[in-house]
Amino acid sequence: MKECLMKSFTKFVLLPLLAINLAVISTIVIAAPTAKPEKLIQWRQSAYRVAEWNVARLKAALEGQYDKDEAVAAANALAGIADSGIETLFVPGTEQGKGWHETSAKPEVFKDSKRFAELSLSFSKEAAELAKIVPTADSSAVKAQFGKVTRTCKTCHDAFKGKD
Ligand code: HEC
469 MKECLMKSFT KFVLLPLLAI NLAVISTIVI AAPTAKPEKL IQWRQSAYRV AEWNVARLKA
529 ALEGQYDKDE AVAAANALAG IADSGIETLF VPGTEQGKGW HETSAKPEVF KDSKRFAELS
589 LSFSKEAAEL AKIVPTADSS AVKAQFGKVT RTCKTCHDAF KGKD
């Protein structure tokens with residue numbers, strides 16, 4: 469009886485779990501970009517530059533007379549970039565090297581990829597929240613959430629980015 473239970477457990481629980489794990493692992497391997505290191509570094513530098521552009525647009529939209537249409541456009545763009553999976557471009561082999569210029573990623577990105585992924589996720593979460601509230605919230609609420617987004621940039625840069 470006990471042996472029978474063990475067999476069922478193996479068949480219906482362990483093996484399916486193993487299959488799921490393998491599927492997940494192979495997805496990660498497939499999802500990891502296969503482009504040359506130079507390209508990967510260019511892409512991540514470009515993505516962060518576009519983030520910078522949209523932060524500047526939001527800042528301008530919030531200064532003086534609040535420009536809501538501009539804020540909506542910039543917040544949507546920023547949320548898209550934040551959720552695009554930039555962190556997957558920091559693969560082994562890209563610790564050093566040139567994209568548009570020499571990478572400014574610190575070695576810590578590759579040593580503590582868990583923390584780096586966490587900070588990427590909080591960037592993504594705060595940017596999504598900003599895009600969500602911006603169509604209906606007043607400018608002071610937008611300002612407050614925008615502050616939360618830019619703090620995620622700073623927190624990550626302090627730990628993981630050197631000088632450009
Ligand atoms: C999870 C970490 C993380 C977050 C969040 C983050 N950055 Fe960065 N950023 C980096 C790293 C690492 C680099 C260096 C990339 C490289 O050179 O390979 C970088 C590079 C940059 C660059 C230079 C790009 C270039 O041309 O080399 C700019 C500008 C930038 N980030 C702006 C921002 C802004 C604005 C935000 C928030 C809206 C932000 N970043 C959020 C980690 C982060």
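So for the sequence shown, my numbering puts the first residue at 469; every next one is plus one.
We put the CB at the ideal spot given by N, CA and C, even for glycine.
Here the structure is a predicted model, which means the values were calculated and not measured.
Buried versus exposed, by CB contacts within 10 Å (16 or more), residue i
{"i": "Gln-513", "result": "buried"}
{"i": "Ala-599", "result": "buried"}
{"i": "Ala-528", "result": "exposed"}
{"i": "Glu-594", "result": "buried"}
{"i": "Glu-555", "result": "buried"}
{"i": "Thr-502", "result": "exposed"}
{"i": "Gln-564", "result": "exposed"}
Contact belief for residue i with residue j at Cβ below 8 Å, rounded distance in angstroms
{"i": "Asn-522", "j": "Ala-545", "result": "5 Å"}
{"i": "Ser-572", "j": "Lys-629", "result": "5 Å"}
{"i": "Phe-578", "j": "Pro-560", "result": "7 Å"}
{"i": "Lys-611", "j": "Leu-530", "result": "6 Å"}
Closest by C-alpha distance to residue i, when choosing among the options
{"i": "Gly-532", "options": "Gly-615, Ser-608, Thr-618, Gly-548", "result": "Ser-608"}
{"i": "Arg-525", "options": "Gln-510, Ala-515, Ala-547, Ala-543", "result": "Ala-543"}
{"i": "Gly-567", "options": "Gln-510, Glu-555, Lys-631", "result": "Gln-510"}
{"i": "Ala-627", "options": "Pro-575, Thr-618, Gly-615, Ala-612", "result": "Pro-575"}
{"i": "Phe-558", "options": "Lys-507, Asp-632, Lys-611, Thr-618", "result": "Lys-507"}
{"i": "Cys-417", "options": "Tyr-516, Thr-502, Pro-505", "result": "A query on residue 417 cannot be resolved here, the shown segment of the chain reaching from 469 to 632 and no further."}
{"i": "Lys-602", "options": "Ala-503, Asp-535, Glu-563", "result": "Note that residue 602 is Val in the sequence shown, not Lys. That would be Asp-535, whose Cα lies nearest to the Cα of Val-602."}
{"i": "Val-518", "options": "Thr-562, Lys-504, Ser-552", "result": "Ser-552"}
{"i": "Thr-618", "options": "Glu-520, Pro-505, Lys-504", "result": "Glu-520"}
{"i": "Lys-504", "options": "Glu-570, Ala-547, Asp-632, Thr-562", "result": "Thr-562"}
{"i": "Ala-547", "options": "Lys-631, Phe-614, Asp-632", "result": "Phe-614"}
{"i": "Lys-631", "options": "Ala-541, Asp-537, His-569", "result": "His-569"}
9 Å Cβ cutoff met for residue i and residue j
{"i": "Ala-550", "j": "Ala-596", "result": "yes"}
{"i": "Ser-588", "j": "Cys-624", "result": "yes"}
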